[in-house]
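Sequence order for the protein chains is Z and W. Residue numbers for the first sequence follow our numbering, so the first one is 354 and each next one is one higher. Residue numbers for the second sequence follow our numbering, so the first one is 287 and each next one is one higher. For each residue, glycine too, the CB sits at the ideal point set by N, CA and C. Since the model is a prediction, treat every value here as computed from it, not as a measurement. Input: a single structure, listed below in structure tokens.
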Amino acid sequence: MNQNAATFADELRARFPGCDVIVAEPRGEITLQVPAGTWRDIARSLRDDFGFEQLIDVSGIDYLGYGSDEWDTDVSSQGFSRGVEGRGPGRFKWGEAFTEQAPQPTGIEPVESVQGRRFAAVAHLLSVSRNLRLRLREFCADDSLPAVDSLTPIWAGADWFEREAFDLFGIVFRGHPDLRRILTDYGFVGHPFRKDFPLIGNVEVRYDAERERVVYEPVTSVEPRVGVPRVVREDSRMDTAQGESHDLKINGGAR
Amino acid sequence: MSAPSLQNPPASTGFASNAAEARQEIRNYTLNFGPQHPAAHGVLRLILEMDGETIVRADPHVGLLHRGTEKLAESKPFNQSIGYMDRLDYVSMMCNEHAYVRAIETLLGIEAPERAQYIRTMFDEVTRILNHLMWIGSNALDLGAMAVFLYAFREREELMDVYEAVSGARMHAAYYRPGGVYRDLPDRMPQYRESKWHKGAKLKRFNEWREGSMLDYLQAFTEHFPARVDEYETLLTNNRIWKQRTVDIGIVTPEQAYAWGMTGAMLRGSGIAWDLRKKQPYAKYAEVDFDIPVGVNGDCYDRYLVRVAEMRQSNRIIQQCVKWLKANPGPVMLDNHKVTPPSREAMKDDMEALIHHFKLFSEGYSVPAGETYAAVEAPKGEFGCYLVSDGANKPFRCKLRAPGFAHLSSMDAIVKGHMLADVVAMIGTYDIVFGEVDR
Chain Z
354 MNQNAATFAD
364 ELRARFPGCD
374 VIVAEPRGEI
384 TLQVPAGTWR
394 DIARSLRDDF
404 GFEQLIDVSG
414 IDYLGYGSDE
424 WDTDVSSQGF
434 SRGVEGRGPG
444 RFKWGEAFTE
454 QAPQPTGIEP
464 VESVQGRRFA
474 AVAHLLSVSR
484 NLRLRLREFC
494 ADDSLPAVDS
504 LTPIWAGADW
514 FEREAFDLFG
524 IVFRGHPDLR
534 RILTDYGFVG
544 HPFRKDFPLI
554 GNVEVRYDAE
564 RERVVYEPVT
574 SVEPRVGVPR
584 VVREDSRMDT
594 AQGESHDLKI
604 NGGAR
Chain W
287 MSAPSLQNPP
297 ASTGFASNAA
307 EARQEIRNYT
317 LNFGPQHPAA
327 HGVLRLILEM
337 DGETIVRADP
347 HVGLLHRGTE
357 KLAESKPFNQ
367 SIGYMDRLDY
377 VSMMCNEHAY
387 VRAIETLLGI
397 EAPERAQYIR
407 TMFDEVTRIL
417 NHLMWIGSNA
427 LDLGAMAVFL
437 YAFREREELM
447 DVYEAVSGAR
457 MHAAYYRPGG
467 VYRDLPDRMP
477 QYRESKWHKG
487 AKLKRFNEWR
497 EGSMLDYLQA
507 FTEHFPARVD
517 EYETLLTNNR
527 IWKQRTVDIG
537 IVTPEQAYAW
547 GMTGAMLRGS
557 GIAWDLRKKQ
567 PYAKYAEVDF
577 DIPVGVNGDC
587 YDRYLVRVAE
597 MRQSNRIIQQ
607 CVKWLKANPG
617 PVMLDNHKVT
627 PPSREAMKDD
637 MEALIHHFKL
647 FSEGYSVPAG
657 ETYAAVEAPK
667 GEFGCYLVSD
677 GANKPFRCKL
687 RAPGFAHLSS
697 MDAIVKGHML
707 ADVVAMIGTY
717 DIVFGEVDR
């Protein structure tokens, strides 16, 4: 499989010189990272010339806060609080900003990602004839209105996967025939899988006996609560996997 | 809406018997199907545009069971989300766990011990039979055959006892863990106790298979199961009504199957011999002998035949696993206590084991930064887990690829031109479970 993956990666590099081909060793998973605005054309040639008959999955990712943690594990136990002060994933309400725990004890500021590196659309392709898999990723150039081209003209099955990514992340798929919400409620506001969307949600629903109908209200019945702090630890025992990591340049190489 | 003018009469004018009828415009009507409908398999809401009894357009509305599993997984350590996986496709529980656990193991660069892999293979197949029994029962019930449901649930009960014996839960097992399975197979199968209703010869018959270990019980099951499958086939395979409802209904061409991202029995029913267990083997599928059944026409009947044949193949795989597991005792969890908990005994007198246990169940383990896609051949098709880790003790993104979601999206393309009753046959043959479609 590995020899196979290496030759296939070379094939891809030769065919798509402008793309980034990432091979995760030792398991031989290949990611093709394409420049903004090119993913439909590349997907088409992957289907027609490389035998990728099937689109298995399309998903959105929000890279906001990638690699941030809530405990600083490098400092000693002296003079360092075990409490969590930032508003990391799941720790804020509707209307509050997502922050990370900045180097203590200075203030807590909202997280900002590198422009054009926040949202990505990821497609997983499968070739039945060649028994190969490929991951395709395009970062959305604009963070305020993330958009990529729709793959529906190439694989009809992209339809619902793209609707889902639009619903949950707000990624617009240009050329999609029917880009409606799919999983959330009728009339839902916001994109719930974005990292700056609260885990507890924005509205809750209950039956109002006086008005004799179901009403929507801001969430009051639950408080944001996360049981376990987010911790990033370097574990030397996991060396085997270290070779697989790849800098996506999401944090400008700062981390 | 303007009234049809005389210059531009409606199409139906030619069939009108009087002037009033000629002015009537015949238009399609919209039918709301579900979400509270016994044939909707949960909470499917279909908006059907109908021309008489023929479907012109089908617009499935999903998401009524959306719980945000993937977002919830982002806020807790890796191990704490295994229980959520059971609740996705809640009739093939352990297969979902398998995909998630495999994704974590791939990122960590660890591999479960051989015995654990055989146990996983065996339970994946037990799960496949469980799922197909549920499917054959409910699909037949939808199409008017009541008895199959009762037969299928008899065997489901026997297999759920296996789930319970090994994990303590009949359905939501949370049995697979990164690094192996939670515990070894029990040496003793629980037995029925004497009661007012179970006594004497009846009690003896109930406990007949339960004298030995769980593997003995499973072996007894596999010896009897092929005859049970014959019973379902007697009820359905040559049944005239069953064939009228399924033959040439919902034909999926190989091109359509590719374009719509279909996997599993939906793909194999259309004649494409693709099975991850054979083509990209995981666990111990490379070591066991089985065949891939494929269909010819890609209609509901072929998919029925494929799934019935799959049950027989699963039975074969279970038999081989039982044989291996009986002969080869060994560890079922890795000894790496950064990922797997130490034994209870060790914790009582070993400080290090105690620390490991505390850290593992409070903070969890950090998974190296990276991303992976791990897929398993779940009973319904390819169930995949796309896991992105940024080096933390919680997943950064966990996208679950559910086969039912891709299948249901093709609904409009497949049922167009069919009759209303065929939509029910189609929902049945898709083998839809909303836990995984809505996630």
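Interface flag, residue i vs chain Z, CB-CB below 8 Å
i	result
N679/W	yes
F644/W	no
V608/W	no
E573/W	no
N392/W	Checking the displayed sequence, the identity of residue 392/W turns out to be Thr instead of Asn. Judged by the 8 Å Cβ criterion, T392/W is in contact with chain Z.
K362/W	yes
R687/W	yes
H352/W	yes
K570/W	no
Y716/W	no
W560/W	yes
F507/W	no
Q566/W	yes
Y544/W	yes
G690/W	no
G547/W	yes
Y386/W	no
Contact with chain W by residue i, beta-carbon distance below 8 Å
i	result
D549/Z	no
I414/Z	yes
E597/Z	Because E597/Z carries a pLDDT of 46, less than 50, the predicted location of this residue cannot be relied on, and no value is offered for it.
K477/Z	Strictly speaking, residue 477/Z in this sequence is His, with Lys absent from that position. Yes - at least one Cβ of chain W is within 8 Å of the one on H477/Z.
V584/Z	yes
Environment of residue i [buried if 16+ CB atoms lie within 10 Å]
i	result
P298/Z	The requested residue 298/Z does not occur in the structure, where chain Z is confined to residues 354 to 608.
R488/Z	buried
W483/W	exposed
D512/Z	buried
R516/Z	buried
F492/W	exposed
V558/Z	exposed
Q599/W	buried
K680/W	buried
V567/Z	exposed
S675/W	buried
E722/W	buried
Host alpha helix (DSSP H) of residue i (start-end)
i	result
H642/W	637-648
N601/W	586-613
G423/W	400-428
V701/W	697-701
V437/Z	Per DSSP, V437/Z belongs to no alpha helix (DSSP H) and is neither H nor E.
N318/W	From DSSP, N318/W is part of no alpha helix (DSSP H) but of the beta strand (DSSP E) over 315-319.
K529/W	526-532
F654/Z	Limits of chain Z in this structure are 354 at one end and 608 at the other, which puts residue 654/Z out of reach.
Alpha-carbon to alpha-carbon, residue j and residue i
i	j	result
K645/W	A450/Z	30 Å
R406/W	H384/W	8 Å
A359/Z	G510/Z	29 Å
M637/W	T626/W	16 Å
T532/W	M705/W	12 Å
E480/W	E494/W	14 Å
P346/W	P472/W	44 Å
T459/Z	G439/Z	Model confidence at T459/Z stands at a pLDDT of 46, short of 50, so the residue's coordinates are unreliable; what they give is reported in the following sentence. Their Cα atoms are separated by approximately 11 Å.
D516/W	V719/W	26 Å
K362/W	V572/Z	21 Å
L351/W	D415/Z	23 Å
Y386/W	D337/W	44 Å
T413/W	L478/Z	27 Å
I558/W	I713/W	21 Å
Boundaries (first-last residue) of the beta strand (DSSP E) holding residue i
i	result
R534/Z	Neither: R534/Z is in no beta strand (DSSP E) and is coded neither H nor E.
Y569/Z	566-571
M336/W	331-337
Residue closest to residue i, alpha-carbon to alpha-carbon, out of the options
i	options	result
T508/W	T520/W, K362/W, E444/W, V653/W	E444/W
G448/Z	G390/Z, G543/Z, V585/Z	G543/Z
L562/W	A661/W, H458/W, Y315/W, A398/W	A661/W
C586/W	V709/W, W610/W, I396/W	V709/W
M446/W	S424/W, I396/W, R463/W, M380/W	M380/W
S695/W	V653/W, P579/W, G670/W, A545/W	A545/W
Closer than 8 Å at the beta carbon, the chain C residues around residue i
i	result
Y419/Z	Annotation note: the requested chain C is absent from the structure, which comprises protein chains Z and W.
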